[in-house]
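A quick write-up on the structure given underneath.
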Amino acid sequence: MPERIVVSFRGTAALSQPGSTDAVVPVHGRAAAPRPRAAAPPSRHRAAPHDTAAAARGEESYLTRALALKKRAEALGATLCAWSAQTFSFEFTPEDIEEAVLLAALAAEDASVHPDARFAAGIAQGEMTYVGEAGRFTALSWGQPLLVAVTLARVAPPGDVLLDPALPAVLSGELMTLGLHRGVDGARRVRGLRLDAQQPLRRQVVESVARLCTPPLVGRDAELAELAVPPGGLAIVRAEPGAGGSRLLLELLRLLSPSQSAFVAPVGASREPFGALRRALARAAHRADRARARAPALPDRLRPALARILDGEGVEPWTAAEVLAAWLAPADARFGLLAVDDAAEVDAASLEAIAIALEMGAGLRAVVRLGRADPLPAPLTAITPAATVTLGPLAAPSAQDLVRRLLDGCIDEAAARRWAARAPALPLALRELLCEALESGALRWIGRSVAPRRRSAGRGRPARTMTGAELAAPAASRPIEGRLRLLSVGPRTILTALATLGGDASDAAIDALCDGTGAPKVASVEAALLGAGWAFRPEPGWLKLSSRTLRDTLLAAVPPGERAAWHLAAARVVEDHAGALGLADAAWHAARAGDRRSAADLAARAARAAGDALLESAAAELLAFADEQETARDHRLDEAPDSVSSQPPTYRTPIEVVGDAPEPPGALSEEELADLEARRAAAESAGRRRGSTMPAGANSAGSSRGAVAGQAPWPDDRRAGLPDDTPAELTDATALGAGAIGMEGELPPGDAPGDPLAKTSESPVLSTNDIAVRLAELARQALVQGDLRSLERLVGELRRTGERDGLVERMSGLIALGRGAKDDALRRLRIAAEAEAEPAQRARALLAHGVALAAAGRAEGALLEALSALARAREADDRRGEQACARFLARLAAAAGHEDAARTWARVARAAGAAQPS
Numbered sequence: 050m051p052e053r054i055v056v057s058f059r060g061t062a063a064l065s066q067p068g069s070t071d072a073v074v075p076v077h078g079r080a081a082a083p084r085p086r087a088a089a090p091p092s093r094h095r096a097a098p099h100d101t102a103a104a105a106r107g108e109e110s111y112l113t114r115a116l117a118l119k120k121r122a123e124a125l126g127a128t129l130c131a132w133s134a135q136t137f138s139f140e141f142t143p144e145d146i147e148e149a150v151l152l153a154a155l156a157a158e159d160a161s162v163h164p165d166a167r168f169a170a171g172i173a174q175g176e177m178t179y180v181g182e183a184g185r186f187t188a189l190s191w192g193q194p195l196l197v198a199v200t201l202a203r204v205a206p207p208g209d210v211l212l213d214p215a216l217p218a219v220l221s222g223e224l225m226t227l228g229l230h231r232g233v234d235g236a237r238r239v240r241g242l243r244l245d246a247q248q249p250l251r252r253q254v255v256e257s258v259a260r261l262c263t264p265p266l267v268g269r270d271a272e273l274a275e276l277a278v279p280p281g282g283l284a285i286v287r288a289e290p291g292a293g294g295s296r297l298l299l300e301l302l303r304l305l306s307p308s309q310s311a312f313v314a315p316v317g318a319s320r321e322p323f324g325a326l327r328r329a330l331a332r333a334a335h336r337a338d339r340a341r342a343r344a345p346a347l348p349d350r351l352r353p354a355l356a357r358i359l360d361g362e363g364v365e366p367w368t369a370a371e372v373l374a375a376w377l378a379p380a381d382a383r384f385g386l387l388a389v390d391d392a393a394e395v396d397a398a399s400l401e402a403i404a405i406a407l408e409m410g411a412g413l414r415a416v417v418r419l420g421r422a423d424p425l426p427a428p429l430t431a432i433t434p435a436a437t438v439t440l441g442p443l444a445a446p447s448a449q450d451l452v453r454r455l456l457d458g459c460i461d462e463a464a465a466r467r468w469a470a471r472a473p474a475l476p477l478a479l480r481e482l483l484c485e486a487l488e489s490g491a492l493r494w495i496g497r498s499v500a501p502r503r504r505s506a507g508r509g510r511p512a513r514t515m516t517g518a519e520l521a522a523p524a525a526s527r528p529i530e531g532r533l534r535l536l537s538v539g540p541r542t543i544l545t546a547l548a549t550l551g552g553d554a555s556d557a558a559i560d561a562l563c564d565g566t567g568a569p570k571v572a573s574v575e576a577a578l579l580g581a582g583w584a585f586r587p588e589p590g591w592l593k594l595s596s597r598t599l600r601d602t603l604l605a606a607v608p609p610g611e612r613a614a615w616h617l618a619a620a621r622v623v624e625d626h627a628g629a630l631g632l633a634d635a636a637w638h639a640a641r642a643g644d645r646r647s648a649a650d651l652a653a654r655a656a657r658a659a660g661d662a663l664l665e666s667a668a669a670e671l672l673a674f675a676d677e678q679e680t681a682r683d684h685r686l687d688e689a690p691d692s693v694s695s696q697p698p699t700y701r702t703p704i705e706v707v708g709d710a711p712e713p714p715g716a717l718s719e720e721e722l723a724d725l726e727a728r729r730a731a732a733e734s735a736g737r738r739r740g741s742t743m744p745a746g747a748n749s750a751g752s753s754r755g756a757v758a759g760q761a762p763w764p765d766d767r768r769a770g771l772p773d774d775t776p777a778e779l780t781d782a783t784a785l786g787a788g789a790i791g792m793e794g795e796l797p798p799g800d801a802p803g804d805p806l807a808k809t810s811e812s813p814v815l816s817t818n819d820i821a822v823r824l825a826e827l828a829r830q831a832l833v834q835g836d837l838r839s840l841e842r843l844v845g846e847l848r849r850t851g852e853r854d855g856l857v858e859r860m861s862g863l864i865a866l867g868r869g870a871k872d873d874a875l876r877r878l879r880i881a882a883e884a885e886a887e888p889a890q891r892a893r894a895l896l897a898h899g900v901a902l903a904a905a906g907r908a909e910g911a912l913l914e915a916l917s918a919l920a921r922a923r924e925a926d927d928r929r930g931e932q933a934c935a936r937f938l939a940r941l942a943a944a945a946g947h948e949d950a951a952r953t954w955a956r957v958a959r960a961a962g963a964a965q966p967s
């Protein structure tokens with residue numbers, strides 16, 4: 050029995066024929082049965098008194114209007130399922146809920162028909178049973194939805210559409226209603242929700258938020274007058290979140306009409322030295338281009354410094370201050386103006402450059418916005434403020450005026466007064482309250498009229514007592530939370546990604562952070578986000594949240610168990626999209642995710658860049674941060690989880706599901722396990738002959754078990770170059786688990802007692818290439834034994850030599866795979882596999898990527914990569930590579946249960962081994 054949406058209509062043609070049986074009107078009382086009435090009930094539309102019969106003579110007959118409605122229903126894809134003397138019904142598929150509602154709403158709001166003669170309608174949904182077909186658009190059927198819909202239509206007043214409260218679209222909030230209607234049909238008491246026929250769909254309601262205006266600054270004239278900043282002076286604006294401090298700075302830039310201006314705001318995690326100054330100068334240049342005005346002409350000696358700042362490489366503070374002063378130099382008797390928003394969160398290097406520029410005496414003026422209790426940042430304490438202004442709540446008349454202006458004057462004074470009293474008199478809180486009221490349906494904006502959807506809307510107090518945390522939160526956070534609950538998963542995920550990146554990020558970075566979550570691309574939801582006021586475009590290709598209160602609310606709404614995954618993914622994205630100094634933000638995200646190894650490495654790289662730019666304070670802070678993370682990592686290494694995903698979760702998927710990769714496609718057979726154990730025993734014996742490469746107190750068997758189970762997921766985020774020559778034995782990995790990755794072949798003789806790095810450092814006559822060869826040999830031996838700790842140290846030393854970049858990259862990927870960080874391993878090995886290289890090198894990279902894919906449970910991808918690697922090995926006439934690829938394919942086939950294919954690939958491997966030159 051198919052499920053259908055049933056729309057039933059009841060005609061009122063009998064209004065023009067009072068003596069007919071069609072004039073029976075349901076009685077809204079305790080009577081068990083309807084009783085006839087001589088006259089029609091008073092119209093709820095309060096139409097002017099008129100002669101009903103005369104009005105009916107000018108209208109179409111009941112049958113003519115019903116047939117016209119039938120044609121319209123057929124055009125919308127409906128099927129006639131029932132017809133009686135007073136009612137007729139159509140059925141739609143469940144996916145056609147909008148068409149069903151549209152049909153009912155058009156009939157109820159038909160302006161060509163007198164209000165008392167319009168159709169009444171009822172809508173219900175459920176399973177229907179066919180009882181016969183009478184034509185192309187007619188299929189007689191019966192079911193509970195038909196009974197409910199007809200009953201609702203019988204009790205509905207003319208021009209009303211009643212919805213079954215159990216209708217799925219009602220339960221999901223997709224349809225807008227005007228309250229409950231009660232009636233009696235025979236002995237049955239009936240309740241239905243009245244559809245808002247003018248705005249039936251929630252998406253129509255949400256679109257009305259885009260009609261909100263951006264009014265002029267309201268109620269802040271006195272504060273603007275006090276901000277008289279002399280050249281070289283500093284003014285301070287103190288405002289709590291949502292009080293309009295950012296808007297006041299923008300209005301000041303407009304009123305003072307400076308020669309040049311720059312708007313400095315926090316960037317990302319505010320850890321990047323000169324991050325705020327870099328973004329401000331880049332956007333100032335963009336505004337100049339957009340306005341077809343010439344950007345300030347800098348002296349030739351400062352142009353390279355500006356380029357380094359914009360590239361994220363940095364310069365010394367004094368040079369940055371000279372660039373800023375030259376950019377905002379006076380022109381045409383006007384002085385430059387610098388606005389600093391949320392100065393407490395701006396990075397110290399940017400503030401230091403601003404302070405130096407103010408002290409140069411170049412006529413630069415600055416206005417700094419702080420919280421009401423925030424101290425003046427240390428770099429600015431040496432400057433005496435010329436003026437200080439504090440923004441408080443708006444006066445009641447100003448709050449009411451702001452409400453009216455936001456709604457374009459479409460709300461009356463009484464309603465404006467009611468809604469202005471619903472929130473603290475702060476501009477952001479009032480705007481978000483109106484947005485929530487429009488999106489939830491409490492306010493209805495039709496044409497030039499804004500009115501409450503119900504008489505009770507906007508009245509009364511909150512239903513519960515607010516907690517201390519809620520009272521301490523910004524006033525706008527509660528309506529923002531209410532709006533977020535109404536937002537669909539995709540746009541909300543994009544907003545969460547944007548908030549994680551600091552609230553101001555490029556589309557490419559947001560899309561990269563959302564990759565794998567199922568969220569749409571930014572471009573596909575841009576119109577909805579901008580129209581609803583969630584974000585705006587500060588420049589092409591960039592998205593910025595409308596307020597920092599929104600950013601904080603979004604971050605607070607992320608479940609605690611999912612925050613680490615968001616930060617870990619953000620660290621990867623920032624590393625890929627930021628400059629050298631921007632790695633400081635990536636380090637902060639990695640630390641928040643618990644990935645202390647990556648945090649230490651990223652912070653050290655950012656510190657080197659800061660040192661190269663002569664940013665001594667920033668370099669010292671970053672080195673201290675790196676040391677702190679490295680020290681903390683040593684204490685927490687054994688307590689880390691087995692696997693961490695580099696992708697943030699969706700709101701539909703628990704973090705436990707997203708963070709763990711699927712299990713491998715199959716298990717090793719007993720013969721393969723025996724072969725693996727034999728090779729491990731041989732490797733251990735060889736190690737004992739040469740001297741153990743394990744740390745003191747460790748044993749190879751324990752290390753192998755640790756590699757299988759997965760150690761702490763500390764992915765190595767350091768970049769490496771393109772693949773280079775690598776030992777052929779590396780390509781003979783089993784790829785059915787991180788602990789099963791091994792190599793075959795003879796290891797060169799050597800002696801490495803104790804520390805595996807000893808032989809690489811005690812002989813000063815070894816060349817760099819000799820050291821690299823020795824390190825590669827020791828790394829292979831550590832990988833065979835499953836000693837990931839020693840392997841990490843060896844790969845780090847090998848990276849410092851600058852040799853064997855391809856081997857370093859593949860080893861790093863295998864280390865990440867052994868640690869359980871499968872996403873990071875796949876990323877590294879995929880990059881190596883896609884790089885241009887000689888066929889032999891490409892074969893090794895492709896096979897290593899296949900290893901990681903198999904370990905992550907992606908057997909099909911592993912098969913394709915292994916076949917590609919086999920083709921490259923044969924192209925290079927690399928018999929050892931061909932043998933390794935064939936062995937890997939044999940293991941894949943065996944794991945998938947294809948024994949014949951496994952035996953065939955094993956024969957190919959033996960043939961390739963036999964053909965190797967002696």
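Heads up: take any position in the sequence shown, counting from 1, add 49, and you land on this note's numbering. Glycine residues also receive a C-beta, built at the ideal position from the N, C-alpha and C atoms. None of these values were measured; they are calculated from a predicted model.
*When you compare each of 57, 365 and 492 to residue 199 by their alpha carbons, which one comes out closest?*
Along the sequence shown, read from residue 1 onward, the residue named residue 199 stands at position 150. Comparing Cα positions, the closest option is 57.
*Measure the beta-carbon distance from residue 240 to residue 227 and round it to whole angstroms, keeping in mind my assumption that it falls under 8 Å.*
Against the sequence shown, residue 240 aligns to sequence position 191. Against the sequence shown, residue 227 aligns to sequence position 178. With a Cβ gap of about 14 Å, residue 240 and residue 227 do not count as contacting.
*Going by the CB atoms, is the gap between residue 644 and residue 620 shorter than 8 Å?*
Translated into the one-based positions of the sequence shown, residue 620 becomes position 571. Translated into the one-based positions of the sequence shown, residue 644 becomes position 595. Against a cut-off of 8 Å, the Cβ pair of residue 644 and residue 620 comes out as a contact.
*asked:* Could you compute how far the alpha carbon of residue 910 sits from the alpha carbon of residue 565?
replied: Here residue 910 corresponds to residue number 861 of the sequence shown, with the count starting at 1. Here residue 565 corresponds to residue number 516 of the sequence shown, with the count starting at 1. When rounded, the distance between both Cα atoms is 17 Å.
*Which residues in the same chain as residue 304 place their Cβ atom closer than 8 Å to its Cβ, once the five residues preceding and following it in sequence are excluded?*
Here residue 304 is taken as the residue at index 255 of the sequence shown, counted from 1. Hits under 8 Å: 273.
*asked:* Pop quiz: residue 283 and residue 415 are said to be a contact at Cβ under 8 Å. What is the actual Cβ separation, rounded to whole angstroms?
replied: Position 234 of the sequence shown, counted from the first residue, corresponds to residue 283. Position 366 of the sequence shown, counted from the first residue, corresponds to residue 415. Residue 415 and residue 283 do touch by the CB rule: their CB atoms are close to 5 Å apart, below 8 Å.
*Assuming residue 652 and residue 659 form a contact by the criterion Cβ under 8 Å, report the distance between their Cβ atoms to the nearest whole angstrom.*
Numbered from its first residue, the sequence shown carries residue 652 at position 603. Numbered from its first residue, the sequence shown carries residue 659 at position 610. Not really, about 10 Å apart at Cβ, beyond 8 Å.
_Tell me the rounded alpha-carbon separation between residue 523 and residue 649._
If you number the sequence shown from 1, residue 523 lands on position 474. If you number the sequence shown from 1, residue 649 lands on position 600. Near 34 Å, if we compare the C-alpha coordinates of residue 649 and residue 523.
_So, at 7 Å on beta carbons, what are the nonlocal neighbours of residue 318 in its own chain, with the 5 sequence-adjacent residues on each side left out?_
Looking up residue 318 in the sequence shown gives position 269. So the list reads 551, 634, 637 and 638, once near-sequence residues are dropped.
*In whole angstroms, what is the alpha-carbon distance linking residue 624 and residue 250?*
The residue you call residue 624 lines up with position 575 of the sequence shown. The residue you call residue 250 lines up with position 201 of the sequence shown. Cα to Cα, residue 624 sits roughly 43 Å from residue 250.
*Use the C-beta contact count for residue 495: other C-beta atoms within 10 angstroms, 16 or more gives buried, fewer gives exposed.*
By 1-based counting over the sequence shown, the position of residue 495 is 446. Under this definition residue 495 is an exposed residue.
*Which word fits residue 647, buried or exposed, when buried means at least 16 other C-beta atoms lie within 10 angstroms of its C-beta?*
The count along the sequence shown starts at 1 and reaches residue 647 at position 598. Buried: at least 16 other Cβ atoms inside 10 Å.
*Report yes if the CB atom of residue 387 is closer than 8 Å to the CB atom of residue 403, and no otherwise.*
Sequence index remark: in the sequence shown, residue 387 carries index 338 (1-based). Sequence index remark: in the sequence shown, residue 403 carries index 354 (1-based). One thing to note: residue 387 has its Cβ within 8 Å of the Cβ of residue 403.
*Can you tell me whether residue 680 is buried or exposed, with buried defined as 16 or more other CB within 10 angstroms of its CB?*
Counting from 1 along the sequence shown, the entry for residue 680 is found at position 631. Flag for residue 680 reads exposed.
*Could you check which residue in 191, 193, 248 and 170 has the C-alpha nearest to that of residue 212?*
As a working note, residue 212 is residue 163 in the sequence shown. Sorting 191, 193, 248 and 170 by C-alpha distance to the C-alpha of residue 212 places 170 at the top.
*Comparing alpha-carbon positions, which option in 483, 181, 467 and 896 lies nearest residue 446?*
Within the sequence shown, the letter at position 397 stands for residue 446. The residue with the shortest Cα to Cα distance from residue 446 is 467.
*Any idea which residues DSSP pairs residue 598 with across the strands?*
Within the sequence shown, residue 598 is the residue found at index 549, counting from 1. Looking at the DSSP output, residue 598 bridges to nothing.
*Span separating the alpha-carbon of residue 392 from that of residue 321*: Indexing the sequence shown from 1 puts residue 392 at position 343. Indexing the sequence shown from 1 puts residue 321 at position 272. Straight-line Cα distance between these residues: approximately 15 Å.
_C-alpha gap between residue 55 and residue 218, whole angstroms_ = Along the sequence shown, one-based indexing puts residue 55 at 6. Along the sequence shown, one-based indexing puts residue 218 at 169. As the crow flies, the alpha-carbon of residue 55 is around 13 Å from that of residue 218.
*Counting only runs that start and end within the stretch 563-592, where is the alpha helix (DSSP H) found for 4 or more residues in a row?*
Counting only runs of 4+ residues, the alpha helix (DSSP H) found wholly inside the stretch 563-592 occupies 571-580, in chain order.
_Taking contact to mean 3 or more Cβ pairs, one atom from each stretch, closer than 8 Å, check whether the stretch 252-269 and the stretch 232-239 are in contact._
In this structure the stretch 252-269 does not lie against the stretch 232-239, because fewer than three pairs of beta carbons, one per stretch, are closer than 8 Å.
*asked:* Taking 8 Å as the threshold (C-beta atoms), are residue 946 and residue 893 in contact?
replied: Along the sequence shown, one-based indexing puts residue 893 at 844. Along the sequence shown, one-based indexing puts residue 946 at 897. No. Outside cutoff.
*Alpha-carbon to alpha-carbon, residue 418 and residue 293*: By one-based count along the sequence shown, residue 293 stands at place 244. By one-based count along the sequence shown, residue 418 stands at place 369. Answer to the nearest angstrom: the Cα atoms are 10 Å apart.
_Local Cβ density within 10 Å of residue 165, reported as buried at 16 or more and exposed below that_ = Translated into positions along the sequence shown, residue 165 becomes position 116. Using a 10 angstroms sphere on the CB of residue 165, the tally of other CB atoms reaches 16 or more, which defines it as buried.
*In or out: residue 352 buried (at least 16 other Cβ within 10 Å) or exposed?*
The residue labelled residue 352 in the question sits at position 303 within the sequence shown. By the Cβ neighbour-count rule, residue 352 is exposed, with fewer than 16 other Cβ atoms within 10 Å of its own.
*Is residue 584 closer than 8 Å to residue 547 when the C-beta atoms are compared?*
As a first step, residue 547 is located in the sequence shown; it is residue number 498 there, counting from the start. As a first step, residue 584 is located in the sequence shown; it is residue number 535 there, counting from the start. With respect to the 8 Å criterion, residue 547 and residue 584 are classified as neighbours on the basis of their beta carbons.
_Our contact map puts residue 877 next to residue 865 with C-beta atoms below 8 Å; I'd like the distance itself, whole angstroms only._
As a working note, residue 877 is residue 828 in the sequence shown. As a working note, residue 865 is residue 816 in the sequence shown. Taking the Cβ atoms as the reference, residue 877 lies roughly 7 Å from residue 865, within the contact range of under 8 Å.
*Got a sec? Which residues, its chain only, sit under 6 Å from residue 207 by beta carbon, not counting five neighbours each side?*
Position 158 of the sequence shown, counting from 1, holds the residue named residue 207. Cβ contact annotation for residue 207 (same chain, cutoff 6 Å, sequence separation greater than five): 61, 165, 167 and 169, in chain order.
*Just confirm the distance between the C-beta atoms of residue 253 and residue 493, as a whole number of angstroms; I'd bet it's less than 8 Å.*
Taking the sequence shown and counting its residues from 1, the one referred to as residue 253 is at position 204. Taking the sequence shown and counting its residues from 1, the one referred to as residue 493 is at position 444. Contact doesn't hold; Cβ gap of about 10 Å is too wide.
*What span of residues does the beta strand (DSSP E) with residue 33 cover, start to end?*
Outside the modelled stretch of the chain, which goes from 50 to 967, sits residue 33, for which no answer is possible.
*Who are the Cβ neighbours of residue 334 in its own chain at under 7 Å, not counting the five residues just before and after it?*
Position 285 of the sequence shown, counting from 1, holds the residue named residue 334. Answer for residue 334: 344, listed in chain order.
*DSSP on residue 532, reduced to helix/strand/coil?*
Translated into positions along the sequence shown, residue 532 becomes position 483. In the structure shown, residue 532 sits in a helix (DSSP, three-state: H, G or I).
*asked:* Tell me the residue span of the alpha helix (DSSP H) that contains residue 437.
replied: The residue given as residue 437 occupies position 388 in the sequence shown. Residue 437 -> not in any alpha helix (DSSP H); beta strand (DSSP E) instead, spanning 436-440.
*With 16 other CB atoms within 10 Å as the buried threshold, where does residue 265 fall?*
Residue mapping note: residue 265 aligns to position 216 of the sequence shown, counting from 1. Counting the other CB atoms within 10 Å of its CB gives residue 265 a total below 16, which places it among the exposed residues.
_Option in 53, 591 and 581 with minimal Cα separation from residue 572_ = Stepping through the sequence shown from its first residue, residue 572 is reached at position 523. The residue with the shortest Cα to Cα distance from residue 572 is 591.
*Is residue 157 close to chain C, meaning its C-beta is less than 8 Å from at least one C-beta of that chain?*
Here there is only one protein chain, and chain C is not present.
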